[in-house]
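Shown next, in structure tokens, is the structure this report addresses.
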Amino acid sequence: MNKEVKSFCTDKQTMDDLNLLGKYKADSVFSLFNRTKTKGGEQLLEQYFQHPLTDARAIEERQRSIGSLAGKGLFFPVEEKEFGALEQYITSFAPVSKARLFTEVLKRRSKAIAGMKEEQEHVNALVTDSLKALLKLRDWFRGTLAGIDSGYLQNLTRRYLPLLQNRLLEQSDKDMGAGGLSVLQLGKYESFLRGAHHELFLELLRDCYELDLFLGIAQLADEKNYCFPLISQGRQALLKLRGAYHPGLKKAIGNDLQLDARQNLLFLTGANMAGKSTFMKTIGICFYLSHMGFPVPAREMETTVYDGFYSSINLPDNISKGYSHFYAEVLRVKDVAVEVAAGKKLLIIFDELFKGTNVKDAFDATSGVAKAMLGYRQSLFVLSTHIVEVGSLLQQEAVGIQYKYMPSLLDGNATRYTYTLQEGISDDRHGMMIIRQEGIFDLFPSKKLCNS
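Numbering-wise (the numbering used here), the sequence shown opens with residue 241 and increments by one.
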């Protein structure tokens, strides 16, 4: 009996925080990974983003498939127009017997003789482009892929090369080169595509979608020098990152992190613009991609498999429900707490908890939530705050917390950011200096001018 595989737990807020989805958003993580040439490949990529894996073997199998294509310089061999024709013909026209097909061919021919040539010309163009696509796949499988060390490609070759080397398909190259397909030739090739091999052609399409997708990801991994995470077995919490950086930054600086059951909470501080939110998004993106079986923007990564991931980084208020920003924060923490308390193994990221209320309440609530998190060792937590006094309290009253900060350095009258994690709690207080540098107070009339 097969073990039931759990679905990965996450939500729209988390995906929006990390800017994961959005094929029309040039800066989304999806757009970065989308190098597909086929519509089916793009749709498959969307499915992968929406449904990360929770089974270590499934993650490792996908890693192996993509990894076996890396460093080979391979590209999907069929252009979008020709493959689209194959896709349209195989999926739009049902399998048919020779007798039924003969009737269809006669009807189309009769219409063409009567001056209604559109259907005949449309089918002819689809079949011609479909045959061209299949011939390119044939040449690629038996030529370009010959001798390439990839179990994934070898399995595809063994499965589909006999079909692509069919004598009829070999003949099609000559028939199309002789001035186009005649009505009889068209019927012959339609019978080949829609006859006994139709189901195998459908399977070829599905595998080509995956191949198209995996080739693009392998190219990305080669170009960006992404790594494939090591997936450790077991239920204990573990997340190691070495040289991890945000994939959307051109000159990103990598950082290291290790969280586990002994230290399952990262307490992160630092001034605005120092890089806290970017680093938290980096953690989340690497974590999410690792559960998709994809390479990640890091030098090294190791993780166990989790049940899900929730974040609260760019939490909006909800005007339609009458929720203030603070109340939206409270509800978000409550929803996440329910999931954690249910015993799920999760990664949780909170950026500046309770910033919608006064400092005293925020101090008490942040410290209280942090202490509560420590009791759930199966999960990992990342918590950032500007209320650095919370860190001082936790250092006295709690164990199992890592304290790191993003420094901001004074360079003359200017502030410089290193974007490199440091041990400890930030004591940077450069906010007023930045306000003065921008001349905010100079924009307001003086008291003397107001009274004059």
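Note that CB positions come from ideal geometry on N, CA and C, so glycine has one too. This structure is a prediction, so every number in the text was calculated from the model and none was measured.
Tell me, which residues are paired with residue i by DSSP?
{"i": "arginine 382", "result": "None, per the DSSP bridge assignment."}
{"i": "tyrosine 643", "result": "Phe507"}
{"i": "asparagine 495", "result": "Ala484"}
{"i": "serine 551", "result": "Ile589"}
{"i": "threonine 343", "result": "Answer is none; threonine 343 lacks a bridge partner."}
{"i": "tyrosine 657", "result": "Ser648"}
{"i": "isoleucine 471", "result": "Thr543"}
{"i": "serine 624", "result": "Leu508 and Asp591"}
{"i": "glutamine 662", "result": "Tyr645"}
{"i": "valine 367", "result": "Valine 367 pairs with nothing; no bridge assigned."}
Kindly list the residues whose CB is nearer than 7 Å to the CB of residue i, restricted to its own chain and excluding five residues on each side of it in sequence; keep chain order.
{"i": "cysteine 467", "result": "Pro535, Val536, Ala538, Arg539, Glu540 and Met541"}
{"i": "arginine 275", "result": "Gly456, Gln459 and Leu460"}
{"i": "phenylalanine 441", "result": "Ile330 and Leu433"}
{"i": "glycine 391", "result": "Ser308"}
{"i": "asparagine 495", "result": "Ala484, Phe519, Thr660 and Leu661"}
{"i": "cysteine 690", "result": "With a pLDDT of only 48 at cysteine 690, under the threshold of 50, the placement of this residue in the model should not be trusted; the figure read from the coordinates follows. Counting only Cβ-Cβ distances below 7 Å, and skipping sequence neighbours, we find nothing."}
{"i": "lysine 246", "result": "Thr294 and Asp547"}
{"i": "glutamate 450", "result": "Leu284"}
{"i": "histidine 627", "result": "The residue you asked about is not histidine; residue 627 is isoleucine in the sequence shown. Closer than 7 Å at Cβ, skipping near neighbours: Val599, Ala602, Phe603 and Thr606."}
{"i": "methionine 416", "result": "Thr368 and Leu371"}
{"i": "arginine 302", "result": "Gly533"}
Using the C-alpha atoms, what's the distance from residue j back to residue i?
{"i": "alanine 602", "j": "threonine 509", "result": "15 Å"}
{"i": "lysine 516", "j": "serine 624", "result": "7 Å"}
{"i": "phenylalanine 333", "j": "arginine 434", "result": "7 Å"}
{"i": "serine 564", "j": "arginine 304", "result": "47 Å"}
{"i": "serine 412", "j": "phenylalanine 549", "result": "52 Å"}
{"i": "glycine 562", "j": "alanine 568", "result": "Model confidence at glycine 562 stands at a pLDDT of 49, short of 50, so the residue's coordinates are unreliable; what they give is reported in the following sentence. Their backbone Cα atoms lie some 10 Å apart in a straight line."}
{"i": "leucine 284", "j": "asparagine 554", "result": "28 Å"}
{"i": "threonine 368", "j": "glycine 262", "result": "34 Å"}
{"i": "aspartate 604", "j": "valine 576", "result": "19 Å"}
{"i": "alanine 582", "j": "glutamate 430", "result": "56 Å"}
{"i": "serine 552", "j": "alanine 266", "result": "23 Å"}
{"i": "glutamate 592", "j": "glycine 324", "result": "48 Å"}
{"i": "glutamine 642", "j": "leucine 620", "result": "11 Å"}
{"i": "phenylalanine 507", "j": "isoleucine 493", "result": "20 Å"}
{"i": "arginine 475", "j": "serine 530", "result": "16 Å"}
{"i": "leucine 634", "j": "tyrosine 645", "result": "15 Å"}
{"i": "methionine 241", "j": "threonine 250", "result": "At methionine 241 the pLDDT is 44, less than 50, meaning the model places this residue with poor confidence; the figure from the coordinates comes in the next sentence. Between methionine 241 and threonine 250, the C-alpha separation is close to 28 Å."}
Determine the extent of the alpha helix (DSSP H) in which residue i is found, giving its start and end residues.
{"i": "tyrosine 567", "result": "565-581"}
{"i": "glutamine 328", "result": "320-332"}
{"i": "leucine 285", "result": "279-290"}
{"i": "phenylalanine 527", "result": "516-530"}
{"i": "alanine 605", "result": "599-613"}
Among the residues of its own chain, which have a CB less than 6 Å from the CB of residue i, if the five just before and after it don't count?
{"i": "leucine 393", "result": "Leu385"}
{"i": "methionine 532", "result": "Tyr288 and Pro292"}
{"i": "proline 487", "result": "Leu272 and Pro537"}
{"i": "threonine 658", "result": "Pro647"}
{"i": "methionine 613", "result": "Leu505 and Phe621"}
{"i": "glycine 596", "result": "His565, Phe566 and Glu569"}
{"i": "tyrosine 616", "result": "Val580"}
{"i": "aspartate 257", "result": "Ser551, Ile553 and Asn554"}
Among the options, whose alpha-carbon lies nearest the alpha-carbon of residue i?
{"i": "glutamine 498", "options": "Glu344, Ala477, Lys491 and Lys464", "result": "Ala477"}
{"i": "glycine 281", "options": "Leu314, Glu320 and Ile388", "result": "Glu320"}
{"i": "isoleucine 588", "options": "Val609, Tyr429, Ile627 and Lys312", "result": "Val609"}
{"i": "lysine 490", "options": "Asn395, Lys464 and Val628", "result": "Lys464"}
{"i": "lysine 428", "options": "Met513, Glu322 and Glu344", "result": "Glu344"}
{"i": "lysine 347", "options": "Gln360, Val336 and Pro335", "result": "Gln360"}
{"i": "valine 545", "options": "Lys584, Lys521 and Arg572", "result": "Lys584"}
{"i": "tyrosine 400", "options": "Glu439, Gln636 and Asp500", "result": "Glu439"}
{"i": "isoleucine 471", "options": "Arg398, Leu409 and Phe527", "result": "Phe527"}
{"i": "glycine 311", "options": "Pro317, Ile388, Ile525 and Ser632", "result": "Ile388"}
{"i": "proline 469", "options": "Gln425, Ala501 and Ile523", "result": "Ile523"}
{"i": "leucine 421", "options": "Asn364, Ala514 and Arg382", "result": "Asn364"}
{"i": "glutamine 618", "options": "Asp462, Phe248, Arg502 and Lys414", "result": "Arg502"}
What are the boundary residues of the beta strand (DSSP E) that residue i is part of?
{"i": "threonine 543", "result": "540-543"}
{"i": "leucine 404", "result": "From DSSP, leucine 404 is part of no beta strand (DSSP E) but of the alpha helix (DSSP H) over 391-404."}
Please list, in chain order, all residues of the same chain as residue i whose beta carbon is under 8 Å from its beta carbon, the five residues on each side excluded.
{"i": "serine 692", "result": "Reliability of the predicted coordinates at serine 692 is poor, the pLDDT of 46 falling under 50, and the value obtained from them is presented with this limitation in mind. The answer is none, since no qualifying residue turns up."}
{"i": "glutamate 358", "result": "none"}
{"i": "glutamate 327", "result": "Thr278, Lys279, Gly280 and Leu445"}
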